[in-house]
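Numbering (my numbering), first residue to last: 28 to 342.
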């Protein structure tokens, strides 16, 4: 991996998922029912080995080198359309692919080489990773890199800051907690902004404890993990109950540039068919460290309590 910008994530114990108090707090301050987040419970800990992770999501320029040298065609290119959110809902847009994220009349990937690549399905991400001699991070590795050993809400800590994540609230300049408020923002944003509204990977973001950037917002990121609820005996929304029985869906993490603040939390889990992609789906790569490489200790955040996490949700 010479020349690739990766951070070393030291071995440790990851805090995965959310406490019951935390989910009560999330349910109280936004419009989605608590059932949508039940698959984050129970909160638990698990050991993680040292690994390497891309500092930034894979960019258009990086993916272009792979696609152009191998003549690779993504899932969206093969099926002839990509999912683009129109004025009211997701549209099957002919010609929308990673090369032209909103279709033939929009900006091209070549014009935005330092933006995260989008319209990426799981096989596309896995194919790029293999070509690069890397792999996709597991869900556990991704969450550990994003939240650290103390289980912070967002990569930078527990206090929300819309300037640190490319998401709906960042672009709106105001808090968005419910569907009508999001719709009001989107109606304007859809007509006046350059879409997709990703940010260059080198722009300021809420860097995590290990030095990784853009783990909240910008793009949803594929992991290597097949989706399963942490507690299969718990009652979830019907959709997740169905998905969990299939054993084929993969986990997306990190929210995206259209997301609410709560969807960019490090514990938020999204399950998707591996062939699914849209103009918010991207990825980053991971790797096992070379033998004998000594880790550099990251700047640690201060510890926090479960009560503090709930209290800061409303901030």
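Cβ coordinates follow ideal geometry from the N, Cα and C atoms, glycine included.
Relative to residue 208, the option among 57, 274, 107 whose CA is nearest is 57.
Residues 250, 280 of the same chain have their beta carbon placed closer than 6 Å to that of residue 169, with the five preceding and five following residues left out of the count.
Of the candidates 190, 78, 64, 314, the residue whose Cα lies closest to the Cα of residue 51 is 64. Counting along the chain, residue 102 sits inside the alpha helix (DSSP H) bounded by residues 102-106. Your pair residue 136 and residue 87 checks out as a contact, with CB atoms roughly 4 Å apart and the cut at 8 Å. Of 241, 47, 89, the smallest CA-CA separation from residue 31 is found for 89.
Counting only runs of at least 3 residues, the stretch 99-163 fully encloses the following beta strand (DSSP E) elements, listed from N- to C-terminal order: 108-112, 117-121.
For the pair residue 301 and residue 274, the Cα-to-Cα distance works out to about 11 Å. Look at the stretch 204-261 and you find these whole runs of alpha helix (DSSP H), each 4 residues long or longer: 206-219. Put simply, the backbone Cα of residue 312 is about 6 Å away from that of residue 162. Counting the other Cβ atoms within 10 Å of the Cβ of residue 116 gives fewer than 16, which makes it exposed. In the DSSP assignment, residue 81 falls within the beta strand (DSSP E) that extends over 78-81. For the pair residue 85 and residue 47, the Cα-to-Cα distance works out to about 34 Å. Each residue's CA atom was taken as its position, placing residue 73 and residue 35 some 18 Å apart. In the three-state scheme derived from DSSP, where H, G and I count as helix and E and B as strand, residue 71 is classed as strand. Residue state for residue 288 is assigned as helix, using DSSP reduced to three classes. If you check the CB distance, residue 93 and residue 158 come in under 8 Å. Note that the C-beta distance between residue 291 and residue 181 is below 8 Å. With a 10 Å radius around the Cβ and a threshold of 16 neighbouring Cβ atoms, residue 305 comes out buried. With a cutoff of 8 Å on beta-carbon distance, residue 309 and residue 53 are scored as not near each other. Between residue 147 and residue 101, the gap from beta carbon to beta carbon is short of 8 Å. By the Cβ neighbour-count rule, residue 211 is exposed, with fewer than 16 other Cβ atoms within 10 Å of its own. Residue burial is scored here from C-beta neighbours: residue 185 has at least 16 other C-beta atoms within 10 angstroms and is therefore classed as buried. Beta bridge pairing from DSSP links residue 280 with 248. Beta-carbon to beta-carbon, residue 106 and residue 33 are separated by about 32 Å, too far to satisfy the 8 Å threshold. Around the beta carbon of residue 71, fewer than 16 other beta carbons lie within 10 angstroms, which makes this residue exposed. Using a 10 angstroms sphere on the CB of residue 205, the tally of other CB atoms stays under 16, which defines it as exposed. For the options 167, 238, 61, 198, the alpha carbon positioned closest to that of residue 225 is the one of 198. Each residue's CA atom was taken as its position, placing residue 299 and residue 248 some 11 Å apart. One Cα belongs to residue 131, the other to residue 235, and the distance between them is close to 36 Å. In the three-state DSSP reduction, residue 181 falls in the strand class (E or B). In this structure, 221 is the residue among 221, 154, 176 with its C-alpha nearest to the C-alpha of residue 284.
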